[in-house]
Amino acid sequence: MLFKRPLKLDDGEIRLQFAGKHVDPKKNGWGTSFIYDIVVLDKIVGRCDLRIGSGTTIDYAGHIGYSVYLPYRGHHYAAKACLLLFKQAKHMGMDEILITCNTDNIASYRTCELCGCTYIGTKPVPLDHELYLQGDREKALFIKHL
């Protein structure tokens, strides 16, 4: 994949501010993660990341991760961040995005719906996977074709 200059990730309400990059060299690891702060009115309200790659961990963790800090929840910031990350992913040459969430996480399930993803199923996290060791037992899988 060729390097492309990042897009301006701003929808007029939130903006994503680049916070760093992490490269996981493991074959079935996290891939390359581009990490962003979610910013509203110059206040950091959460964090998200776009993961480029494929493999076992992406199959369970997805290409996008997000967290909105407790005082700022309820404003759909995660869904708005995902919409901006979809633009960046397309710009980087991706055709589809997998987003996953724990099956008991109603807010994340709703986030996936709000940003136009399609539910494609649920699968258990393998006992020997690092996500299982962190407490994740099964993942709801959502796809977004870009």
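Position in the sequence shown (first residue = 1) + 530 = my numbering.
All C-beta atoms in this analysis are idealised placements derived from N, C-alpha and C, irrespective of residue type, glycine included.
Please state whether the Cβ-Cβ distance between Ala670 and Thr633 is less than 8 Å.
Against the sequence shown, residue 670 aligns to sequence position 140. Against the sequence shown, residue 633 aligns to sequence position 103. Yes, the Cβ-Cβ distance between Ala670 and Thr633 is below 8 Å.
Compute the distance between the beta-carbons of Ile544 and Ile568, then report whether it is under 8 Å.
Mapped onto the sequence shown, residue 544 falls at position 14. Mapped onto the sequence shown, residue 568 falls at position 38. Their beta carbons are under 8 Å apart, which means Ile544 touches Ile568 by this criterion.
Quick check on Cys647: does DSSP put it in helix, strand or coil?
Residue mapping note: residue 647 aligns to position 117 of the sequence shown, counting from 1. Reduced to three states, the DSSP call for Cys647 is coil.
List the DSSP bridge partners of Lys538.
To locate residue 538, count along the sequence shown from 1; it is residue 8. Lys538 is not bridged to any residue.
Please look up how many angstroms separate the CB atoms of Ser563 and Arg581, rounded, as I've assumed it's under 8 Å.
Counted from its first residue, the sequence shown places residue 563 at position 33. Counted from its first residue, the sequence shown places residue 581 at position 51. That pair is a contact at about 5 Å.
So, is Phe616 buried or exposed, given that buried needs 16 or more other C-beta atoms within 10 angstroms?
Position 86 of the sequence shown holds residue 616. By the 10 Å Cβ count, Phe616 comes out buried.
Within the region 607-675, note down every full beta strand (DSSP E) run reaching 3 residues or more, in order along the chain.
List check, beta strand (DSSP E) in window: 626-632, 648-654, 668-675.
List the residues that DSSP assigns as beta-bridge partners of Leu580.
Taking the first residue of the sequence shown as 1, we reach residue 580 at position 50. DSSP lists Phe564, Ile594 as partners of Leu580.
Would you tell me roughly how many angstroms separate the C-alpha atoms of Arg667 and Ile636, rounded to the nearest one?
The sequence position of residue 667 within the sequence shown is 137, counting from 1. The sequence position of residue 636 within the sequence shown is 106, counting from 1. So the two alpha carbons sit approximately 15 Å from each other.
Going by DSSP in three states, Ile588 sits in which element: helix, strand or coil?
Here residue 588 is taken as the residue at index 58 of the sequence shown, counted from 1. It is helical.
I need the straight-line Cα distance from Leu498 to Lys557, nearest angstrom please.
A query on residue 498 cannot be resolved here, the shown segment of the chain reaching from 531 to 676 and no further.
For Asp658 and Ala549, what's the separation of their Cα atoms in angstroms?
For the purposes of this step, residue 658 is taken as residue 128 along the sequence shown, with counting starting at 1. For the purposes of this step, residue 549 is taken as residue 19 along the sequence shown, with counting starting at 1. Taking the straight line from one Cα to the other gives about 31 Å.
So, for Gln618: in the same chain, excluding its five sequence neighbours on each side, which residues have a beta-carbon less than 7 Å away from its beta-carbon?
Here residue 618 refers to the residue found at position 88 of the sequence shown. Only Pro536, Leu537, Leu539, Leu580 meet the Cβ criterion.
Secondary structure at Ile544, three-state DSSP: helix, strand or coil?
Start at 1 with the first residue of the sequence shown, and residue 544 comes out as number 14. If DSSP states are grouped into helix, strand and coil, Ile544 belongs with coil.
Assuming Lys551 and Ile627 form a contact by the criterion Cβ under 8 Å, report the distance between their Cβ atoms to the nearest whole angstrom.
The residue given as residue 551 occupies position 21 in the sequence shown. The residue given as residue 627 occupies position 97 in the sequence shown. 18 Å between Cβ atoms; not a contact.
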